[in-house]
Amino acid sequence: MIINHPLLGPRDAAEFVYLGDAALIDRPDWQAEDAAEAFHAYGYLRDNPAGVHRELWYHEQGDRSWLVVTRDTVSHEITAVELARDVARARGRGR
Amino acid sequence: MSQIHRIGGGLIDRATEITFTFNGKAMRGHPGDTLASALLANGQRLVGRSFKYHRPRGIFTAGSEEPNALVELRKGAAQEPNTRATVAELFDGLEARSQNHRGSLEFDLMAVTDLLSPFLSAGFYYKTFMWPRAFWEKLYEPAIRASAGLGRLTMEEDPDTYDKGYLHCDLLVIGAGPSGLMAARTAARAGARVIVADEDFVMGGRLNAETLEVNGRPGADWAAGVVAELAAMENVRLMPRSTVYGAYDHGTYGVLERCTDHLATSGGKPRQVLWRVYSRHAVLAAGATERPIAFGNNDRPGVMLAGAVRAYANRWGVAPGRRVAVFTNNDDGWRTAADLAAKGIEVPAVIDTRDAPAVCDVPGARHVRGASVMDTRGRKGLRQITLTDGQMIDVDCLAVSGGWNPNVHLTCHQRGRPAWRDDLAAFVPGRDLPPGMVVAGAANGAMTLALALREGFAAAEALGYADKSDLPRAEDEPRECAPVWHVPQSRARAWLDLQNDVTVKDVKQAHQEGFRAVEHLKRYTTLGMATDQGKTANIPALAIMADCTGRTIPETGTTIFRPPYTPVPIGALAGRARGRDFRPYRLTPSHRWAEAHGASFVEVGNWLRAQWFAREGEQGWRDSVDREVLMTRGSVGICDVTTLGKIDIQGRDAGEFLNRVYCNGFATLAVGKVRYGLMLREDGIAYDDGTTARLGENHYVMTTTTANAVTVFRRLEFARQCLWPDLDVHLISTTDGWAQFAVAGPNARKLLRKVVDTEHDLSNEAFPFMACAEVTVCGGMPARLFRISFSGELAYEVAVPARYGNAMMGVLMEAGAEFDAVPYGTEALGVMRIEKGHAAGNELNGQTTAHNLGMGRMVSQKKDCIGNVLSQRPEMLHEDAVKLVGFRPVDRATGLIAGSHFIRQGDAATMENDQGWMSSVAYSPSLGHSIGLGFLKRGDARMGEILRAVSPVHGREMEVEVVSAHFINPDGERLRG
Chain A
53 MIINHPLLGP RDAAEFVYLG DAALIDRPDW QAEDAAEAFH AYGYLRDNPA
103 GVHRELWYHE QGDRSWLVVT RDTVSHEITA VELARDVARA RGRGR
Chain B
6 MSQIHRIGGG LIDRATEITF TFNGKAMRGH PGDTLASALL ANGQRLVGRS
56 FKYHRPRGIF TAGSEEPNAL VELRKGAAQE PNTRATVAEL FDGLEARSQN
106 HRGSLEFDLM AVTDLLSPFL SAGFYYKTFM WPRAFWEKLY EPAIRASAGL
156 GRLTMEEDPD TYDKGYLHCD LLVIGAGPSG LMAARTAARA GARVIVADED
206 FVMGGRLNAE TLEVNGRPGA DWAAGVVAEL AAMENVRLMP RSTVYGAYDH
256 GTYGVLERCT DHLATSGGKP RQVLWRVYSR HAVLAAGATE RPIAFGNNDR
306 PGVMLAGAVR AYANRWGVAP GRRVAVFTNN DDGWRTAADL AAKGIEVPAV
356 IDTRDAPAVC DVPGARHVRG ASVMDTRGRK GLRQITLTDG QMIDVDCLAV
406 SGGWNPNVHL TCHQRGRPAW RDDLAAFVPG RDLPPGMVVA GAANGAMTLA
456 LALREGFAAA EALGYADKSD LPRAEDEPRE CAPVWHVPQS RARAWLDLQN
506 DVTVKDVKQA HQEGFRAVEH LKRYTTLGMA TDQGKTANIP ALAIMADCTG
556 RTIPETGTTI FRPPYTPVPI GALAGRARGR DFRPYRLTPS HRWAEAHGAS
606 FVEVGNWLRA QWFAREGEQG WRDSVDREVL MTRGSVGICD VTTLGKIDIQ
656 GRDAGEFLNR VYCNGFATLA VGKVRYGLML REDGIAYDDG TTARLGENHY
706 VMTTTTANAV TVFRRLEFAR QCLWPDLDVH LISTTDGWAQ FAVAGPNARK
756 LLRKVVDTEH DLSNEAFPFM ACAEVTVCGG MPARLFRISF SGELAYEVAV
806 PARYGNAMMG VLMEAGAEFD AVPYGTEALG VMRIEKGHAA GNELNGQTTA
856 HNLGMGRMVS QKKDCIGNVL SQRPEMLHED AVKLVGFRPV DRATGLIAGS
906 HFIRQGDAAT MENDQGWMSS VAYSPSLGHS IGLGFLKRGD ARMGEILRAV
956 SPVHGREMEV EVVSAHFINP DGERLRG
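Protein chains in written order, with our numbering: chain A, 53 to 147; chain B, 6 to 982.
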């Protein structure tokens, strides 16, 4: 597969390490009332869609960017590649 | 033997004669021959024995689809089994041997299996060798493997080298026949970067095997002209002898180039190169494969595909027989008859299953309308055929054509399914092509030359490469086909899959026994599972299954096509990653010093580390390790600890970041101090540990374990970028940047005092336990000094830029000479950490928590950190949970066994009574007996208890006493002294 890195252009998937569902960005609040349940869901429950999937890839053999890649798990078509840092900020993560 | 079957014409160099041997017999051929064409020229029809029945077999095709003519090439370590003679390019001195027979090829002792064939039908293994069960591994399987199977491996190391490479192009053209060459020329003239790959050693595809004309000239000449034009263009790379074996995601293709297989030796160059080709677009112009018709005894040497017969006559100037009959269900078979007759070969009859007028005039041939061949005779070579109308005709070769199948394989490598076309009676590419791929020519069902040329041109044009040149002129040759798959009047066995010996009867039996889905049919009969992957066999077999079930062929469906298109040697897939180079390994900075001082090395992750340093007179590794431990604890020892991961962490929020990735607090760590840190996984399990030093206000250096150096860094980047993107913190791995040495033992300070420049105060007051500083050594060289201890002794770690590491080891040893300083390896390191009760990889094994490790109170509940929330789950904090404690054998002379499980005295050694396990053991030279660390239920409350330590794996058990994990200096005054 080829991943079109937002900073570096098209790179072979072999340069990357795969982590999984981009929902891992949404780490729960440790002080919330339901923190235990929320962390349980965060740690163990994943959707496994046959189709469009947003997932985390790490450019370990490159610039060490974490990327959010939108990929169809059936056809492997990649429709979007974003810097995970930007995605995290857009989802309200900061300090 | 001379070339008795050589006739005129062809693309061979007749001026040059080369010699080769087949089963030791010397034969002659010409450059341009394949081994198959040369064997036929020399009159060698029998070339092998079949897989299961050991039937005599000959050459069946003229290409990579060959099921029969598998041979061993070359000798010694370079010997290669199962090579298709039809694609092996002849060279002077080639040695070839037939396979799969006991005794000679002519008198195979195993041919008796053919007489047993009634018992050896589909599924016979599963039915016959069921009982007794124990016989399978010892008797049945070895016997079956000895009698079946193809070529043999030499078991010697492959002397050749293989390489891998990467190519980029706008357009990859797969196949250099008429449509491929047209597509390539059109795109190349439009300026595209084009790669043309073809499995053959002469480009041109079927044009080289036909008498068809392009622009009024022989097709082969036209092809040669286009190839010459392309070869002269800078934007074109021609790759003959290169098979595109797989279509992968996003325009990536796998290509195997055979660089030196056509030479006597590779001359030190890579024999084959596995290319990964990145393409914007691809034109699949892979042509078509002819299929046979099944009839009785259709497997004899001399029965060949019609297109192959005329290829041998036209391209190689070889007559596959003296009297050649043609059996066809389509117009194309007639072309073989006409071409042979034109070459002066006797064609006694054209047998056409269709009751229709002759397609063309074939001088001397009888046209037998509406009839079929139903049987053949000739034990080691065809002598006679019997027709359904009872006629018998003496022939030594029968050219069979059952129509042509487009080579759709690569269109299906990404889930695509082919579509059935009734007019061709064949599958053509479906709509679901790999993105970027266009199919042209016969591969697309365009079965005439004029169509193929036009489609090649159109394919390039459709991809945006326009060229104003005229289309070359060619005719649309007749290609009508009336499908006939099997001659039902046949009484003898009729073969479908020649390579795996699958007959029509086997397919019918599979149907009767319920294996009707194509994937079941394939696995039950082994149809299409041989090295040829059923290229000539699958479609006729599907047709017979369709007939049995009353469904159509498209309803019956095909099995899934997967890469590779033709076999790819394991050597090519491995490339240079073999033997010692299979996995890269790294050397520590002091490796050369260690080598020169008798070190034995051990792989730790991908590092080679010194395991111990043997001295003369020592009887075994234990002698060396015991000495290293005692001398370190007695005076001072030095160990290269560079392999531990080092991560430089800087930024205004670096402290806060550390506070969140370690479970214990880091907010209060002062500049110039070091702290032990434990990292958890988000699920609360202990993950990694190490120390982090604060070198400056916003500057920290973290160490990780050797094993997790890469993954800890990855996780920290994840936390930095994905979890807290606005923290001001930056990371860089400096594992390779600094050579680091542990200097441990009561004389460590005295030794370092001689090395560290005098302006740095090393006194216990100025530089106490857990201090750190940036210092200079050896008169001004920058270094880092940490007062940390893994051994429990007064100890330091000193780091210098990596390139000085080897010299630094020498400097430290020289400075330590007066103290009898000793270098120690990973074994002594391990013994000392067990003596001190420090957890390592055996304890941080992915199953244990901080609570288990006795560090539960370190997990701060006052802050957010990774793993904090889930580590507090009640089950993980259970009072019955295992705790890390020490063990010693009640009989001190006994050696403990790592992996033993603890059982209460009097209890049976069962899972229910399991109390925990021993994770690390060592012989402690300091105590004079074996010691162990392990996890025991409520272990911290069971000091002094005697337990059984049971190791069913070793069939041993012993009594052990629960003790503190801190065997040595539990109060720690040594490391603080």
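Glycine residues also receive a C-beta, built at the ideal position from the N, C-alpha and C atoms.
- Using a CB distance cut-off of 8 Å, A:Val121 does not count as an interface residue toward chain B.
- For B:Asn410, the secondary structure class from DSSP, reduced to helix, strand or coil, is strand.
- CA-CA distance, B:Met550 to B:Pro559, rounds to 11 Å.
- At least one C-beta of chain A is nearer than 8 Å to the C-beta of B:Asp688.
- Listed by position along chain B, the residues whose Cβ is nearer than 9 Å to that of A:Gly144 form an empty set, because the closest Cβ is around 10 Å away.
- If you look at B:Ser629, you'll find it in the alpha helix (DSSP H) that goes 626-639.
- B:Gly939 sits in a strand when the DSSP states are folded into three classes.
- Here the alpha carbon of B:Asn505 sits roughly 15 Å from the alpha carbon of B:Pro297.
- Among the residues facing chain A, B:Arg436 is not included, as its CB has no counterpart in that chain under 8 Å away.
- Among the bridge pairs identified by DSSP, B:Pro493 is matched with none.
- Look at B:Met818 here: in three-state DSSP terms it is helix.
- Taking a C-beta cut-off of 9 Å against chain A, the contacting residues of the segment 247-263 of chain B are Tyr253, Asp254, His255, Gly256, Thr257, listed in chain order.
- The beta carbons of B:Asp360 and B:Gly375 sit closer together than 8 Å.
- With respect to B:Leu415, B:Tyr167 sits apart: the two C-beta atoms are not nearer than 8 Å.
- For B:Glu100, there is no enclosing alpha helix (DSSP H); the enclosing beta strand (DSSP E) has its first and last residue at 100-103.
- For B:Val676, the three-state secondary structure derived from DSSP is coil.
- Taking C-beta separations shorter than 6 Å and ignoring five residues to either side along the sequence, the partners of B:Thr341 in its chain run Ala311, Val314, Arg315, Val331, Ala404, following chain order.
- For B:His934, the closest alpha carbon among the candidates B:His906, B:Ala898, B:Val965, B:Gln920 is that of B:Ala898.
- Of all alpha-carbon atoms in B:Pro164, B:His704, B:Phe940, B:Pro957, the one lying nearest the alpha-carbon of B:Gly842 is that of B:Phe940.
- Under the DSSP assignment, B:Gln514 falls outside any beta strand (DSSP E), being part of the alpha helix (DSSP H) whose first and last residues are 509-517.
- Taking each of B:Thr26, B:Thr39, B:His10 in turn and checking the Cα distance to B:Leu16, the smallest one comes out for B:Thr39.
- Of the residues B:Trp409, B:Asn105, B:Tyr667, the one whose Cα lies closest to the Cα of B:Ala291 is B:Trp409.
- One thing to note: B:Arg285 has its Cβ within 8 Å of the Cβ of B:Gly256.
- A residue is called buried when at least 16 other Cβ atoms come within 10 angstroms of its Cβ; B:His10 meets this threshold and is buried.
- Taking C-alpha positions only, B:Arg459 is separated from B:Leu476 by approximately 7 Å.
- Counting only residues of its own chain and dropping the five nearest sequence neighbours on each side, B:Asn847 has a CB closer than 8 Å to the CB of Ala903, Ser924, Ser925, Leu938.
- Interface with chain B (8 Å Cβ-Cβ cutoff): A:Trp109 is excluded.
- A Cβ-Cβ separation of about 13 Å leaves B:Thr26 out of contact with B:Ala93 under the 8 Å criterion.
- Every unbroken stretch of the alpha helix (DSSP H) spanning 4 or more residues and falling wholly within the segment 739-824 of chain B is given here in chain order: 753-758, 810-820.
- Only exposed fits B:Thr21, as fewer than 16 other CB atoms lie within 10 angstroms of its CB.
- Between A:Gly146 and A:Asp124, the CB-CB gap reaches or exceeds 8 Å.
- For the options B:Gly660, B:Cys668, B:Gly750, B:Pro730, the alpha carbon positioned closest to that of B:Thr637 is the one of B:Gly750.
- The C-beta of B:Asn873 comes closer than 8 Å to at least one C-beta of chain A.
- For B:Thr91, the three-state secondary structure derived from DSSP is coil.
- At a cut-off of 4 residues, the continuous stretches assigned as alpha helix (DSSP H) that sit fully inside the segment 157-240 of chain B are 183-194, 224-236.
- In terms of Cα proximity to B:Phe65, the closest of B:Thr709, B:Ala90, B:Ala46 is B:Ala90.
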